[in-house]
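Taking it in order: structure first as structure tokens, then the write-up.
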Amino acid sequence: MEGTGLRSDARDNRDRVLEAARRLFSEQGLGVPMREIARRAEVGPATLYRRFPTKQALIDAAFADEMRACSGIVRDGCADPDPWRGLSAVVRDITELNAVNQGFTDAFVSSYPGAADFAAHRAGMLRALTGLWRRAQRAGAVRPDSVVDDLILMIMAGRGLPVGPPELRVAAARRFAALILDSFRASPAAGPLPPPARVSAAAVSGGG
1 MEGTGLRSDA
11 RDNRDRVLEA
21 ARRLFSEQGL
31 GVPMREIARR
41 AEVGPATLYR
51 RFPTKQALID
61 AAFADEMRAC
71 SGIVRDGCAD
81 PDPWRGLSAV
91 VRDITELNAV
101 NQGFTDAFVS
111 SYPGAADFAA
121 HRAGMLRALT
131 GLWRRAQRAG
141 AVRPDSVVDD
151 LILMIMAGRG
161 LPVGPPELRV
171 AAARRFAALI
181 LDSFRASPAA
191 GPLPPPARVS
201 AAAVSGGG
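First residue of the sequence shown? That's 1 in full-length UniProt numbering, and the numbers climb one at a time after it.
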């Protein structure tokens, strides 16, 4: 019985640490000190490090659900036979996902260089998005002088969406996504773009 109680306590401590980490990463990004996470979780630093020896391990565990959600969003968008509809859904859903969790956005665009699992995640997402983007261009839906790097710029820019209550973040994300999609759409009235900023290579390699 004593062993069962200890396992239950350890599980409770782990759950509290993950909940505190998700909340703090969402509010402040990945720069939150581990000691602050321990304090918010009401556990000692030794307990935190026993469960998560590195910050990378904590980030990986805290954002496992978001990584699955992000993968599902891209997978569903790529499966849509209408590439513009699929791309539009990806832009809207990822913008909203990122708006409510600043820490996940930071990890996705490589602000924390130790988040190795995110490098593989980004690389897979970018490969899939590049295929979807090119399909939409071949269909004449996306402006021909745009590149998939512009989508990464959008994700980066989304980090500047307002902080505040979740409903405010979601409303801002939806408005932002609509504006971005309008800029991506092919139009005879669209003016020429400056040369592309190749940010996707930095995202895959783990550069900030």
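C-beta atoms are modelled at their ideal positions from N, C-alpha and C, and glycine is treated no differently.
What are the boundary residues of the alpha helix (DSSP H) that includes residue i?
i, result
"residue 36", "34 to 41"
"residue 47", "45 to 51"
"residue 91", "83 to 99"
"residue 76", "64 to 79"
"residue 170", "166 to 184"
"residue 145", "Residue 145 -> no alpha helix (DSSP H), and no H or E assigned at all."
Tell me which residues share the same chain as residue i and place their Cβ nearer than 7 Å to its Cβ, disregarding the 5 neighbours each side in the sequence.
i, result
"residue 3", "For residue 3, the predicted model reports a pLDDT of 42, less than 50, meaning its position is unreliable and no value from the coordinates is stated."
"residue 36", "24"
"residue 88", "181"
"residue 135", "83"
"residue 8", "none"
Excluding the 5 residues preceding and the 5 following residue i in the sequence, name in chain order all residues of the same chain whose CB lies nearer than 6 Å to its CB.
i, result
"residue 41", "16, 17 and 20"
"residue 171", "none"
"residue 196", "147 and 149"
"residue 6", "Because residue 6 carries a pLDDT of 47, less than 50, the predicted location of this residue cannot be relied on, and the following value inherits that uncertainty. Excluding sequence neighbours, residue 6 sits near nothing in its chain."
"residue 198", "149"
"residue 11", "none"
"residue 47", "13"
Taking the alpha-carbon of residue i as reference, which of the options has the nearest alpha-carbon?
i, options, result
"residue 96", "61, 8, 158 and 33", "158"
"residue 14", "38, 93 and 130", "38"
"residue 71", "94, 168 and 56", "94"
"residue 192", "146, 151, 63 and 155", "146"
"residue 166", "26, 131 and 9", "26"
"residue 153", "52, 169, 137 and 126", "126"
"residue 99", "188, 10, 155 and 199", "155"
"residue 80", "8, 133, 183 and 169", "133"
"residue 169", "69, 101 and 151", "101"
"residue 164", "119, 8 and 28", "28"
"residue 184", "85, 49 and 104", "85"
Can you list, in chain order, the residues of its chain with a C-beta nearer than 8 Å to that of residue i? Leave out the 5 residues immediately preceding and following it.
i, result
"residue 140", "186"
Taking the Cβ atom as the reference point for each residue, do residue i and residue j lie within a distance shorter than 8 Å?
i, j, result
"residue 128", "residue 74", "yes"
"residue 190", "residue 143", "yes"
"residue 161", "residue 173", "yes"
"residue 62", "residue 22", "yes"
"residue 131", "residue 78", "yes"
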